[in-house]
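Encoded as structure tokens, the structure appears first; notes follow it.
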Amino acid sequence: MALNLRWVILGLLILALFAGFQGGRYYLANRLQEAGIASGLALYALGAWRGLFALTLDEWRRWVIWPVLLVGGIMVVSAGVFAVQHEGRFLYSFFSAREFLLAFLGPGVYLLCRTGLPIRDVEKATWFAILALMVNYLWFWATMDLQAAFFSSDHTVSNLVTFDEWRGFRLKPPLFAIMLGMLGALMLILQARGIRALLFALLILSLASYIWSIVLFRATLATLVLALLLYPLFLGSISRLKLLLVISPLVLLSLPVITLYAMDTFLLAEGGGIRARAFLAAFDYLRDHWLFGAGEDSAYG
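For the numbering used here, add 132 to where a residue sits in the sequence shown, where the first one is 1.
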């Protein structure tokens, strides 16, 4: 009798996505990330094993060997750069970059889909992970003492909360997952073919909107809305590319004016002086280390 690993694969996929989107950052000092990395590597290994018997050798090498070289190269270079520039310990910096190992989830899922895993199952697992991330955030937002967490001596706890005068204490959300859920829900509403899919999309959109009303990330929301407007305008069809080519020179000419306006607005806002000093320090460092940057830091030296 053939061994059916469907539910094991979907469970590992949900765990990897949940941990990869920082769903476990609110408890156990984000140790859930290690379980997510292990899940992603397990899916990658299973996909590589199944692909060995179902794919051509060239395709197998492209999706098994090249990701190892890419991710491993990034981790080695970033750790080496920090060790050389700041006299840190290479192995500490190398393992500090372990979150890059979550990148193996991509080729792992591809290999599994090429060897029989339905894409529909991947979509369902992704939506389930996004829903779990939103509910998880709202639970901790409602139950955590944000002021005590902000002033905690444990940096893994204090880094979870941000504060300013008009928005107060705010628990940092899994922002990319919220953005992905909001955009995906809008697409799902337009493409829904049944009442269940429509209700689920409305649920995701409502949760994402409520979380956004808590964090009030204005610049991120404005960027999201602008992207929603510009994408169909310039990339809605092949013929729209001509419009993009015509407007591109005008955008380049107006870029200095837009940049100055954005900087004035950005710097005059609350905390603008701190932002200005941070940007100046970053640009100074970038000028001297433009190729490899600072490398991967480690809290252990």
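All C-beta atoms in this analysis are idealised placements derived from N, C-alpha and C, irrespective of residue type, glycine included. All of these numbers come straight from a predicted model, not from anything done at the bench.
Can you tell me whether residue i is buried or exposed, with buried defined as 16 or more other CB within 10 angstroms of its CB?
i, result
"residue 314", "buried"
"residue 205", "exposed"
"residue 305", "buried"
"residue 383", "exposed"
"residue 195", "buried"
"residue 185", "exposed"
"residue 411", "exposed"
"residue 225", "buried"
"residue 154", "buried"
"residue 378", "exposed"
Looking at the secondary structure, which residues open and close the beta strand (DSSP E) in which residue i lies?
i, result
"residue 156", "Premise fails: residue 156 is in no beta strand (DSSP E) and is neither H nor E."
"residue 296", "293 to 296"
"residue 300", "300 to 303"
Is residue i near residue j, with beta carbons less than 8 Å apart?
i, j, result
"residue 223", "residue 172", "no"
"residue 295", "residue 308", "no"
"residue 210", "residue 229", "yes"
"residue 334", "residue 344", "no"
"residue 322", "residue 262", "no"
"residue 164", "residue 141", "no"
"residue 427", "residue 203", "no"
"residue 137", "residue 183", "no"
Return the CA-CA distance between residue i and residue j, expressed in angstroms with no decimal places.
i, j, result
"residue 150", "residue 158", "12 Å"
"residue 302", "residue 374", "44 Å"
"residue 348", "residue 252", "33 Å"
"residue 318", "residue 336", "9 Å"
"residue 247", "residue 389", "52 Å"
"residue 189", "residue 240", "16 Å"
"residue 363", "residue 369", "10 Å"
"residue 287", "residue 430", "14 Å"
"residue 133", "residue 356", "Bear in mind that the predicted position of residue 133 carries a pLDDT of just 39, short of 50, making it unreliable; the figure below should be weighed with that in mind. Computed Cα separation, rounded: 50 Å."
"residue 215", "residue 221", "6 Å"
"residue 367", "residue 280", "47 Å"
"residue 417", "residue 289", "29 Å"
Just curious, the alpha helix (DSSP H) that residue i is in, first and last residue?
i, result
"residue 358", "350 to 367"
"residue 325", "Taken as a continuous stretch (DSSP letters only), residue 325 belongs to no alpha helix (DSSP H), as it is neither H nor E."
"residue 95", "Because the chain in this structure spans residues 133 to 433, residue 95 falls outside the shown range and cannot be described."
"residue 370", "Note, residue 370: premise wrong, no alpha helix (DSSP H); not H, not E."
"residue 430", "Residue 430 -> no alpha helix (DSSP H), and no H or E assigned at all."
"residue 253", "251 to 275"
"residue 246", "237 to 246"
Measure from the C-beta of residue i to each C-beta in chain C and report whether the shortest distance is under 8 Å.
i, result
"residue 205", "In the structure shown, chain C cannot be found, because there is only a single protein chain."
Touch check for the stretch 337 to 345 and the stretch 265 to 279: three-plus C-beta pairs under 8 Å?
yes
Can you find at least 3 beta carbon pairs, one from the stretch 255 to 262 and one from the stretch 136 to 148, that sit closer than 8 Å?
yes
Is the stretch 268 to 278 in contact with the stretch 178 to 197, if contact means three or more CB pairs nearer than 8 Å?
no
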